[in-house]
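Going line by line, the protein sequences match chains R and E.
Position one of the first sequence corresponds to residue 1 (my numbering), numbered consecutively onward.
Position one of the second sequence corresponds to residue 10001 (my numbering), numbered consecutively onward.
Here the structure comes first, spelled out in structure tokens, and everything after it is commentary.
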Amino acid sequence: MAKNLRTKGSKFIDETTRVCFKFNGNKYFGFKGDTLASALLANNIHLVGRSFKYHRPRGIMTAGSEEPNAIVQINDNTAFTEPNVRATEIEIYEGLEATSQNCWPSVNFDIGGINNFLSPILPAGFYYKTFMWPASFWLKYEYFIRRSAGLGKSPKFPDPDIYEHKYIHCDVLVVGGGISGIMAAKISAKRGLKTLLVDENPNIGGSTIFQNSKYYKINNLTSSSWLENEIKEINKLENLTIKTRTSIAAFHGYNFLLARENLTDHLSANEKKNKVRQRLLKIRAKKVITATGSLERPLVFNNNDRPGIMLSSALKKYADFFGVACGEQNVLFTNNDTAYETAISLDQKGIKVNAIIDIRENSNSELSKEVEAIGIKIYRSSTVVDTYGYKRIKKISVMQLSTDGQSVKGQKIFINCDCLGIAGGWTPAVHLFTQSGGKLDFNEEDQIFLPKIYPSKQISIGSCNGDFELDKIINNTLKILKEFLEIDETEYDNIDVSGTRNLNKRNIWLLPSDKILGKTKPFVDYQNDATAKDIKLALREGFRSIEHVKRYTTTGMGTDQGKLGNMHALGIIADTAGVKMSELGTTTFRPPYTPLSFGTIVGRNVGEFFDIFRKTPMNDWHVKNKSKFENVGQWKRAWYYPNGNESMHEAVQRESKAARESAGILDASTLGKIDIQGTDASEFLNRLYTNSWTKLDIGKCRYGLMLNEDGMVYDDGVTTRLDKNHFIMTTTTGGAANVLAKLEDYLQTEWPELDVYLTSVTDHYATISVCGPNSKKIVSKVIPNLDLSEDNLPHMSFKNTTIDNIKCRVMRISFTGEQSYEINIQANYGISLWEKIMESGKEFNITPYGTETMHLLRAEKGFIIVGQDTDATLTPIDLQMDWIVGKKKYDFIGKRSLYRSDTIRDDRKQLVGLLTDDPKEVLEEGAQIVANLNKKPIEMLGHVTSSYYSPNLNKSIALAVVRGGKNMLGQKLFIPMENKSIIVTIVDPVFLDKENNRLNA
Amino acid sequence: MFLINCPFCGEREQSEFKAGGEAHISRPKQPTELSDDEWAEYLFMRKNIKGIQFERWNHSHGCRKWFNIARDTSNDQIKAVYKMGQKPPVI
Ligand SMILES: [Zn+2]
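Structure (structure tokens):
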């Protein structure tokens, strides 16, 4: 049915530029300036999708971002594809390809459509009630539901578009470029205030810009001509920035707003190449003026969802703005006067209006008289009881309304139509206001929610503030702005406006039919297929809170957040439950106002910029030597260095053996380092760590354990006394930032009297650890001037020295149990020192090892790793580290908690070693440990925290936490796995060299 | 996102700060003298009230100083900002 429904002469459409696009594979033409919706309507296409649950055919309903039905997939099967795009928003461009979504296999033949006939058994909560049981069937259901429901398809390839983030600071932000927004922007900018005006449409002017009615005059011009001049003028204002195609996604507290600025979605593939597609604007405004307008309400009646049924205001916009007739036989259905404006507009464009069905008993306004004079038949006190036509409306049936509006009477008449415009009054767009934390007030007279309490410096003007008549909009806008901007006069003080409107409205939330409710389909939420029936069912089943009804019926939970139907849902609940709307309240509107793509949210933070990472000074060497890397905190750490095709296991076994049998070298630069100075430094450490620090000699190192006040292990590391009032503390790699923050917290808030200064010096130094029986020989080659004797440099001591005149510190500390030297040197010398040591160690087969081998070696010695073997529920006593707790110390952080009734229990989880009966069996970290496999439910005693195959002991070893494990030495326990149970024995956690002989080998 | 008026740097974005829980809970001078209940009171019990709450905040991505604020938790309005060691203002 190729037809051209374009009327002539819209100045908003460039009829000289024809644009070719594809919809569902077919080629169509539109004009530059068309949205996909207006171009489709001009081609007489209404059917664009299927509804979510019943798969009913659905058509274009609106002309704006509130569209619930006409959501399409753009550029399917390409990396640029995007689902859930509203056809009413996307502007057509050469080569645009759009497809219907939520229909399979096609929009004209849709398998899910069978749900429509099954709908008596698909009531509210059906999915919850049915598919949850039996649980094992869920996977099966899910496949079919996803296949046939699915709201669009996500792209299969990385998004090739460019996005960015931008911060904007302004004095005044005006949201919405309708008549009141434009006036506000001008008044603000003219007063020297840095002003930003945003509008989601490609042009500003709102609905006034195409309002040519003789009833609306400003300074003797039609309101549209007057506004055109205003727009020309504000375009010249220096203090004013206007951003179109920019929609506010979120309005947060303190006037912080997020907006999406759409830069290229309206351009052809060629034009948009290499350009930023969208910007996420982070706007901080001193004052916000919300002028978001209002949304027309549909009417809720039987079968009110057929393609061809649209909002009356949309019919008007398509005619007046796009020059498109939505139908050839139009009928309007209304509860107020705005449909009469539409009728006149359509008539002026030569678009036929067959009738107006008005549920009011009478309307004697000028408008209605004019409409009657044109010859349009008006059916007063009547309602549409049913509609006909499957893929496009063909006919409606109309009956008389009873006086109370709850039933119908009289004879049923039929009226043919191919388009039905419905007008149910207006809902102020208060979404952003409520997002910002604003409180609403229900206005009984107009049956609308209005802004009442503003949580920040903001104000609402125009129809989003409840003014629907031009004179009221302008006069109230001026009054409000004077107060809000603290000014005495405006540019518009002598304005002459005429534009009253008959606001008389008959509000019936659910219109009756001649059929009983159970046999009708009056849709409230089009996108999620929630009907008035579903809402009433929810109430019958006991749901009372509006938030619960919303979730149960899914009303308002679509991508449109129920912008059209929320008020009807509230109204039907209020009527049915016999409560007042004001008592019921409304559901929360959450950001984003319209969907945001992930690309916009992440901006430039993609790929390597997604999360920053830190590299050690020796990183290049690790890369060159084919190290595998592991992420530790923000660091990239060498994990293991495979030789050729070695597996991780093989590499780690080789590295571990080399470190114990000859020499290993580890990059330990990532360990946190905090420089601590001040006359109270040792006292400070004494309060931080569980052990005593006051008597540590200069030049000596000590291992310390740090607790939280709750007694649980927080971090550990070696701290060295460089001088009387100077220490250097090392922390775990991941814990460095938190430890520094904790130290600062105590110093600033609890002990400000202490004379202590902290500096983070983690990346000032490269740290190289050389260990193994040959480590001493290697270090003596690298630093020949340093006396490495036990007397001069015993275990747990340090010396300042030089290598080739470069200062460095050498510490005798060991995390492997081997004799070890840790050399700290200024970071930029790290790589040359590393290479020098490798060269000197060649004759001893010095082997670089990574974190995995380090973990294995320390596990052989039973040394814990905070965060792997501990999880903030273990005290030092639980870890069998009683030796490090200074019992004689008066106080330290966490001390008091170590003898709370809970922490002294015998049956706490405690650290133990585990040996498997089969020495080749390596346990899985995280595996659960049980004593009795037969008792159900099986009682978990603990879990494996570290597990390795030790090449030095030739057996599997593991650390674990086990309830009461300390007193279970020698006991056999079980580790149930998927196909077997592994038998383990509890042992001491130190597996190798209990006497610490190797430290001084 | 709030704006917080750091007493050392001035007004900055909330993302520069870290919240540190309820203010004016001093670490007991002699923890060992306390009963389990008294220690638990210090360790675990927090008010979490709806209304004006006194809170510790740290300018962690700025001067790294700790300070206190009085915040209305029902609408996030910050009624006062004051330095550590100062008495809470009467609000
Ligand atoms: Zn600061």
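C-beta atoms are modelled at their ideal positions from N, C-alpha and C, and glycine is treated no differently.
Cβ pair residue i, residue j closer than 8 Å
i	j	result
R/S956	R/V922	yes
R/Y849	R/S775	no
R/I187	R/L485	yes
R/A63	R/A339	no
R/G421	R/N335	no
R/N255	R/V288	yes
R/L856	R/S950	yes
R/V172	R/A39	no
R/V739	R/T875	no
R/Y593	R/M61	no
R/S692	R/K895	no
R/I877	R/E709	no
R/K980	R/D529	no
Reduced DSSP secondary structure (H/G/I, E/B, other) of residue i
i	result
R/L933	coil
R/T732	coil
R/E448	According to the sequence displayed, residue 448 of chain R carries Ile and not Glu. Strand at R/I448.
E/G10010	strand
R/D891	coil
R/Y829	helix
R/H548	helix
R/M1	Annotation note: pLDDT 47 at R/M1 (below 50); position unreliable, no value reported.
R/W639	strand
R/Q653	helix
R/G30	strand
R/V606	coil
R/S381	coil
R/G599	helix
R/G375	coil
R/I1023	The displayed coordinates of chain R run from 1 to 1001. Any statement about residue 1023 of chain R would go beyond what the structure contains.
Any chain E beta carbon closer than 8 Å to residue i
i	result
R/H252	yes
R/G867	no
R/M1	With a pLDDT of only 47 at R/M1, under 50, the local geometry of the prediction cannot be trusted, and no value is derived from it.
R/P455	yes
R/E753	no
R/Q748	yes
R/A872	no
R/K887	no
R/G437	yes
Residue range of the unbroken beta strand (DSSP E) whose run includes residue i
i	result
R/Y765	Y765 to C771
R/Y948	M940 to S950
R/A319	From DSSP, R/A319 is part of no beta strand (DSSP E) but of the alpha helix (DSSP H) over S312 to D320.
R/Q278	V276 to T290
R/Q1050	Outside the displayed span of chain R (1 to 1001) sits residue 1050 of chain R, for which this structure offers no information.
Whole-angstrom C-beta distance between residue j and residue i, which should lie under 8 Å
i	j	result
R/I480	R/G466	Contact flag wrong, Cβ pair sits at about 12 Å.
R/G926	R/P989	About 18 Å separates the two Cβ atoms, so there is no contact after all.
R/F322	R/D34	6 Å
R/S669	R/Y765	7 Å
Residue-level contact to chain R via CB, residue i, 8 Å cutoff
i	result
E/P10001	Position check: residue 10001 of chain E holds Met in this sequence, whereas Pro was assumed. With 8 Å as the cut-off, E/M10001 counts as an interface residue toward chain R.
E/D10076	yes
E/R10027	yes
E/Q10086	no
E/V10090	no
E/S10015	no
E/W10039	yes
Residue i - containing alpha helix (DSSP H), residue span
i	result
R/L1084	The structure shown does not extend to residue 1084 of chain R, since chain R is modelled only from 1 through 1001, so no value can be given for it.
R/N270	A269 to K272
R/K479	L470 to F484
R/A960	Per DSSP, R/A960 belongs to no alpha helix (DSSP H); it is in the beta strand (DSSP E), K955 to R963.
R/A37	L36 to A42
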